[in-house]
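Single-structure report; data block below.
Below is the structure:
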C-alpha cells in the first residue's frame with residue numbers, strides 16, 4: 453500500500469467480475485483505485501480490526517486492467533471473512549488470497565522451485581509480480597528503505613504426473629514429517 457501498488461476497493465464480488473472484463477475485452481478501473489496511500493492504509497487497518505462486514509471491502513493489487521492476462525487485472529489480495537479459524541480462532545477477519553500468499557509462503561519456507569500443475573501457468577506472471585513488488589526498494593543486505601529482499605522462488609508448471617509408490621501431496625507429506633515416519637523434509 454505504501455508503494456502505491458495496492459488499494460482498498462469497495463466493489464462487490466459481482467461488480468469486481470464486471471469490472472474485470474473478459475478474455476476479449478479489457479477491464480475498467482475501479483472507482484476506488486486512485487485513493488491516496490493514507491486513506492488506503494486507514495481502510496486496511498480498519499479491515500484488520502473487523503470494522504466492516506464480510507465482502508464489503510477487499511485489498512487489490514494495482515496492476516493493469518487492460519492486460520490480456522485476466523489474472524493481472526487488479527487481483528484481490530485480501531478479503532474480509534468473519535469466521536473462526538481452526539488455528540487462530542477469531543484473531544483475524546481478513547484472509548489472503550492464494551495468489552498473494554503463494555510466493556510469500558514459498559519464500560518464507562525457503563522453497564527454491566515451486567512445482568505446480570499446468571492450470572497455474574497463467575498465474576505465474578502474478579506470482580512474479582507480487583514478489584517483484586515486494587522486493588522493489590529492498591536490498592540483499594537489508595540496508596534499503598524497505599529492508600531485506602525476500603527469495604524469489606522459481607515457479608515451474610508441468611502436466612499432472614502420477615508416480616506409483618510415491619507420495620506427492622503436501623498434506624500427506626506433512627503428516628509423514630509430523631509423525632516422524634521420515635527424517636524431515638529433505639528425507640530421500
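In this note's numbering, the protein residues as written are 453 to 640. Note that the Cβ used here is the ideal one computed from N, Cα and C, for glycine as well.
If I'm right that residue 463 touches residue 527 with Cβ under 8 Å, what's the distance once you round it to whole angstroms? For the purposes of this step, residue 463 is taken as the residue at position 11 of the chain shown. For the purposes of this step, residue 527 is taken as the residue at position 75 of the chain shown. Wrong, their Cβ atoms sit about 13 Å apart, outside the cutoff.
What are the residues that DSSP puts in a beta bridge with residue 540? Position 88 of the chain shown holds residue 540. According to DSSP, residue 540 bridges with nothing at all.
Rounded C-alpha distance that separates residue 588 from residue 461: Residue numbering aside, residue 588 sits at position 136 when the chain shown is read from its first letter. Residue numbering aside, residue 461 sits at position 9 when the chain shown is read from its first letter. Cα to Cα, the separation comes out at about 23 Å.
Judging by CA-CA distance, which residue of 538, 529, 559 is the nearest neighbour of residue 550? Here residue 550 is taken as the residue at index 98 of the chain shown, counted from 1. Cα-wise, what sits closest to residue 550 is 529.
Please report how far the alpha carbon of residue 560 lies from the alpha carbon of residue 634, in whole angstroms. Reading the chain shown from its first residue, position 108 is the one you call residue 560. Reading the chain shown from its first residue, position 182 is the one you call residue 634. Rounded to the nearest angstrom, the two C-alpha atoms are 22 Å apart.
For residue 511, does the three-state DSSP call read helix, strand or coil? By 1-based counting over the chain shown, the position of residue 511 is 59. Three-state DSSP puts residue 511 in a strand.
Going straight from the alpha carbon of residue 538 to that of residue 544, what length do you get? To locate residue 538, count along the chain shown from 1; it is residue 86. To locate residue 544, count along the chain shown from 1; it is residue 92. If you take the alpha carbons of residue 538 and residue 544, they lie about 11 Å apart.
Determine the direct distance from the alpha carbon of residue 630 to that of residue 582, and round the result to whole angstroms. Working through the chain shown from its first residue, we reach residue 582 at position 130. Working through the chain shown from its first residue, we reach residue 630 at position 178. For residue 582 and residue 630, the distance between alpha carbons rounds to 31 Å.
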